[in-house]
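Enquirer: Input: one structure, supplied below.
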Amino acid sequence: MSNQTIFRVFSSALIIALLSLSAIHVAGAQDPPRPPEPKPTPQQKDARDKKGDRRQSAQADEQVLDKEGRIVIDTDLVQLDVTVIEQNNMPVMNLKKEDFSVYEDKVKQTIENVNREEVPVSFGMVIDTSGSMRSKLQTVSDASVSLVKQMRLDDEAFVASFKAEPELVQDFTADRRELEDAISELYTSGGTALLDAIIATADYAQEKGKRRRKALVVITDGLEKNSSVKEKEVMEAIKEDEVQVYLVGFIDEDMDEKSLFGKSPGKKAKDLLSRIADDSGGRAYFPKDISEIPAIAAQIAKDLRTQYVVSYYPSNENRDGTFRTVQVSVNSQGSRKLIARTRRGYYARNEKGQLPAAAQKKGRGN
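Throughout, our numbering is defined as the position within the sequence shown, counted from one, plus 421.
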């Protein structure tokens, strides 16, 4: 091989080596090695783990949505929807955190936050369409439509009727026209299964309602005749479902005549409806005339809009499925005696927000 040929081969090899080194340098410049992420200090880790940090964020009330779009709230935080009224039933709107006291199982709790912001509502209109409601149905339907017309953009509602058994007429929707059409199609016949209807619709509201605040507006003549469940089961359902119940009861005057064997049928009906409403944090109304219904519907709508949300972390941190009784009191202002209404308590749910097996719904279609 000649010297000239050797020189050409050597030059070509050198050029290729230099080009390779250049390419490696450019690639390294475009993608420099990343420094390791700094590890949190022990102090930072402890701060993240402390409940105090979660409490400081209670006002923000961090919320996420599950797969069905429902709000999931920190299971430690207890939130009570509280209505405060004067003795003349007028709502009180200007209270502050320091005006409230909360007791859980008679132990005073530290309130994290109190606000009165309007929140969206998932509610159901549950209408007695038994034969005894025939003369009242048109006025009741008109009042239900007025509730629909007062819905806000983020609200949702459903319509159910009940005779000898409950029936879902229109499932949850924010479409007012669909709700009004469902109400217009109601008709009367048959008996009255009031307790069955309350359980079925409370369960439905809890399972399908997307909003944290849930309520039922039940309109009936209170003549319980055909239910397969007892009052105790209804009270248990309300505790589990955490649904406020507003009851409008038409109790005929002739039902108030005292029986030889104790309370009159009318008195029994009123007591039953009042107990259900009180336990849920709602309210029972007993109009003496059908003409009172529109005003009652307006009052219920206002009641749902003017509630305070009182939040606290319970001092009893055990998630053991037990029922915790709750009492809220409000400081009177001058000569005004103020009354606070809220649910009677709640079940301590587990870390996933679920009721332990011992407290779950039984025999109610689950």
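Here a beta-carbon is modelled for each residue, glycine too, at the ideal position from N, C-alpha and C.
Let me know the secondary structure DSSP gives D699 once reduced to three states.
Expert: Reduced to three states, the DSSP call for D699 is helix.
Enquirer: For A636 and S543, I'd like the C-alpha separation in whole angstroms.
Expert: Looking at the two C-alpha atoms, the distance is approximately 7 Å.
Enquirer: Between the alpha carbons of E652 and Q591, how many angstroms are there, rounded?
Expert: Those two C-alpha atoms are separated by around 26 Å.
Enquirer: For S582, does the three-state DSSP call read helix, strand or coil?
Expert: In this structure, S582 counts as strand in the three-state DSSP scheme.
Enquirer: State the DSSP-derived secondary structure class of D502, mapped to helix, strand or coil.
Expert: Strand.
Enquirer: Given a cut-off of 8 Å, decide if A623 and L600 are closer than it, judged by their beta-carbon atoms.
Expert: Not in contact: L600 and A623 (Cβ atoms no closer than 8 Å).
Enquirer: Tell me whether the stretch 604-623 and the stretch 582-590 touch, counting them as touching only if at least three CB pairs, one residue from each stretch, are closer than 8 Å.
Expert: Output reads yes: the stretch 582-590 touches the stretch 604-623.
Enquirer: Here's a check: name, in chain order, each residue in its chain whose Cβ is nearer than 6 Å to the Cβ of R632, leaving out the five neighbours to either side.
Expert: These residues qualify, in order along the chain: P541, V542 and S543.
Enquirer: Out of I659, I548 and A722, which has the shortest C-alpha to C-alpha gap to D700?
Expert: Out of I659, I548 and A722, I659 has the C-alpha closest to the C-alpha of D700.
Enquirer: For the stretch 514-532 and the stretch 703-710, state whether three or more C-beta atom pairs, one from each stretch, are separated by less than 8 Å.
Expert: Cβ pair count under 8 Å is below three, so no.
Enquirer: By the 10 Å Cβ neighbour count, where 16 or more other Cβ atoms means buried, how is V673 classified, buried or exposed?
Expert: Before going further, note that residue 673 is Asp rather than Val in the sequence given. Under this definition D673 is an exposed residue.
Enquirer: Quick test of your reading: V503 and V731, contact by CB under 8 Å. State the CB separation rounded to the nearest angstrom.
Expert: That belief holds up - the Cβ atoms of V503 and V731 are roughly 5 Å apart, short of 8 Å.
Enquirer: Identify whether A769 lies in helix, strand or coil by the three-state DSSP scheme.
Expert: Coil at A769, not helix or strand.
Enquirer: Exposed or buried, T746, counting other C-beta atoms within 10 Å across all chains shown (16 or more means buried)?
Expert: Flag for T746 reads exposed.
Enquirer: Identify the continuous alpha helix (DSSP H) that holds A761 and give its terminal residues.
Expert: Counting along the chain, A761 falls outside any alpha helix (DSSP H), though it belongs to the beta strand (DSSP E) covering I760 to R762.
Enquirer: Check this for me: beta carbons of V650 and L616, under 8 Å apart or not?
Expert: Yes, they are a contact pair.
Enquirer: Nearest-angstrom Cα distance between I494 and T531?
Expert: Caution applies to I494, whose pLDDT of 48 falls short of 50 and renders its modelled position unreliable; the value that the coordinates give is listed next. Each residue's Cα considered, the two are about 19 Å apart.
Enquirer: Could you tell me if S565 is buried or exposed, where buried requires 16 or more neighbouring beta carbons within 10 angstroms of its beta carbon?
Expert: It is buried - the Cβ of S565 has at least 16 other Cβ atoms within 10 Å.
Enquirer: Indicate the three-state DSSP secondary structure (helix, strand or coil) for L693 in the structure shown.
Expert: It is helical.
Enquirer: Going by beta-carbon coordinates alone, are I714 and V638 separated by less than 8 Å?
Expert: No, the Cβ-Cβ distance between I714 and V638 is not below 8 Å.
Enquirer: Are the beta-carbon atoms belonging to E645 and I620 less than 8 Å from one another?
Expert: Result no, Cβ atoms of E645 and I620 do not sit closer than 8 Å.
Enquirer: Looking at C-alpha atoms only, which residue of V580, E661 and D741 is the closest neighbour of G766?
Expert: Selected option, being the one with the closest Cα: E661.
Enquirer: Please name the residue, chosen from I548, R770 and R573, that lies closest to V580 on a Cα-to-Cα basis.
Expert: Minimum Cα distance to V580 is reached at I548.
Enquirer: Is it buried or exposed, D724, if we count other Cβ atoms within 10 angstroms and call 16 or more buried?
Expert: Under this definition D724 is a buried residue.
Enquirer: Please list the terminal residues of the continuous alpha helix (DSSP H) segment that includes V566.
Expert: Looking at the DSSP string, the run of the alpha helix (DSSP H) that includes V566 is L558 to K570.
Enquirer: Using three-state DSSP, classify G742 as helix, strand or coil.
Expert: Residue state, collapsed to three classes: coil.
Enquirer: Quick one: grab the DSSP three-state call for M554.
Expert: Of the three classes helix, strand and coil, the one that applies to M554 here is helix, per DSSP.
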